[in-house]
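Presented below is the structure to which this report refers.
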Amino acid sequence: MAREARAWPRERRRRTHRRGGRGAAHGRALRLNVHCHALVLDGVYVHENGDPRAPLEFRELVAPTQADIAEVAARTAVRVEKILRAHGKSLEPELADDTPPELALDEPGLAACYAAAAQGLSVSGDRAGQPPLRLIASPEPPAHPRAIDVTDQPVAEVRGINIHAAQVVDGRDRRRVERLCEYITRPPVPQDRLERRADGKLELGFKRAWRDGTRALVFEPADLIPRLVAAVPPPRFHLLRYFGVLSSHSARRRFVVPRPLADSTANKPAPACGDQLELLGDTDDAPAPRKRWAWLLAHVFAADVETCPRCSGPMRWAEVANTRAQITRLLAEHGLGPRAPPATRVGARVPEQLMLGFGEG
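Anchor point for the sequence shown: position 355 equals 356 in the working numbering, and the numbering is continuous, going up by one each time.
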């Protein structure tokens, strides 16, 4: 989908002769619903007058139509079906393979968690094998739900591939961009809306009620575990990926992505001449021949001194102690001052060895 989404602006630019993003697996109900959220640039970066030595300029394109999104969805469906055929799979019922998946043979417990989370069924309690209990705000849902006209919206579904591209945010509106990034990178379980009821069950509230009035789901504690297990990505599988000019492999990324601003809140001491504090990596100079103390401690003692043990955030420099007096004062402030050796116990003696009757006839 990312490839086709990136190919569409280039083709649109050629047709109009104009010159010059976290995978998700769960929905609100904690069901295993594999999908992806993508932040796509609504334009292309081109060199002025086609000169590769000229700086890159952003050329905004017209908004995509429903036909454009349908074309992207169709191409994505072709790619997905090609990948499935390469793995011996098919979406066609007559071509479906009845052989159990490899995961069900190697990890049957994990496969069962995936199945329960995908089907949205309970695995314990009175509702085992049934959907979880729903709490509905209104006693009766509306008889005629309001239909949403999507004929003129950039929304399309082709052979099971559904693409919704109606959300548009101006890149200069940094607050809305930040809110959109927070939305697509949100965790699968909103802990502020998950609470334990008096009967011991768990209630997961929704930020907005469903169309039928459902405002919350009620789970048994054991029913929540399979859904949490299914939310954990496989090892070495990145959920946040960058494509196109924003990718780390793009030669044009450094011309497009702005450099991060300096952290004005960090209290870092000035480097001392001739000391390894010069190797903090705060400058753009060439890599130093000597390793930083933090790297050495992590390499030799497996001690991470750059991560806070309380909040798991990055540690910041607060003060540097170079003299004996400064070191003594800092150790005393943290309760690590010099301590006397342990006192020798008066009259201490080695206990007598217990005599066992080995070898006695």
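Positions of the beta carbon are idealized from the N, C-alpha and C atoms, including for glycine.
Could you tell me if residue i is buried or exposed, where buried requires 16 or more neighbouring beta carbons within 10 angstroms of its beta carbon?
i	result
Pro342	exposed
Gly336	exposed
Ile328	exposed
Val301	exposed
Val306	exposed
Pro109	exposed
Asp52	exposed
Ala267	Confidence is the limiting factor: at Ala267 the pLDDT is only 48, short of 50, which leaves the residue's position unreliable and the question unanswerable from this model.
Leu240	exposed
Phe238	exposed
Glu221	buried
Gly338	exposed
Ile70	buried
Pro315	exposed
Gly245	buried
Leu332	exposed
Leu420	The chain is shown only over 2 to 362; residue 420 falls outside these bounds and no answer can be derived.
Ala157	buried
Leu104	exposed
Leu205	buried
Thr77	buried
Leu31	buried
Pro227	buried
Pro133	buried
Leu297	exposed
Ala273	Per-residue confidence for Ala273 stands at a pLDDT of 45, beneath the threshold of 50, marking its modelled position as unreliable; no derived number is given.
Gly282	Caution applies to Gly282, whose pLDDT of 46 falls short of 50 and renders its modelled position unreliable; the value that the coordinates give is listed next. Classification for Gly282: exposed.
When you compare each of the options to residue i by their alpha carbons, which one comes out closest?
i	options	result
Leu57	Pro65, Ala68 and Val45	Val45
Asp43	Val169, Tyr243 and Arg198	Val169
Ile185	Asp224, Arg242, Gly214 and Asp174	Arg242
Arg187	His38, Arg32 and Leu33	His38
Ser91	Arg32, Arg160, His36 and Glu204	Arg160
Arg177	Asn50, Leu40 and Met316	Leu40
Arg253	Arg54, Arg325, Arg32 and Pro102	Arg54
Gly121	Arg340, Asn323 and Val219	Val219
Ala304	Asn323, Gly89 and Ala295	Ala295
Glu320	Arg311, Arg330 and Ser313	Arg330
Gly172	Ile226, Gln131, Val258 and Arg291	Val258
His48	Ala322, Glu93, Leu298 and Phe256	Phe256
Ala322	Leu85, Glu334, Asp127 and Ile84	Glu334
Asp153	Thr66, Arg317, Ser249 and Pro310	Thr66
Leu318	Arg291, Lys83 and Thr308	Residue identity differs from the one stated: residue 318 is Trp in this sequence, not Leu. Closest option to Trp318, Cα to Cα, is Thr308.
Taking 8 Å as the threshold (C-beta atoms), are residue j and residue i in contact?
i	j	result
Val190	Cys114	no
Gly138	Pro155	Per the sequence shown, the amino acid found at residue 138 is Ala instead of Gly. No, the Cβ-Cβ distance between Ala138 and Pro155 is not below 8 Å.
Ile164	Ala68	no
Val124	Asp193	no
Pro102	Ala87	no
Ile162	Val81	yes
Could you tell me whether any non-hydrogen atom of the ligand COA is closer than 7 Å to the CB of residue i?
i	result
Gln154	Only the bare structure without any ligand can be found here, which leaves the ligand COA out of the picture.
(message) What ranges does the alpha helix (DSSP H) occupy inside the segment 156–236, keeping only unbroken runs of at least 4 residues that lie completely in it?
(response) 175–185 and 222–232
(message) If contact is defined by three or more beta carbon pairs under 8 Å, each pair taking one atom from either stretch, is the segment 115–128 in contact with the segment 217–236?
(response) yes
(message) Would the segment 194–211 count as touching the segment 57–71 if we require 3 or more Cβ pairs under 8 Å?
(response) no
(message) My parser needs the alpha helix (DSSP H) runs of 4 or more residues fully inside the segment 54–96; what are they?
(response) 67–87
(request) Determine contact between the segment 126–138 and the segment 206–217, defined as no fewer than three beta-carbon pairs at a distance below 8 Å. (result) yes
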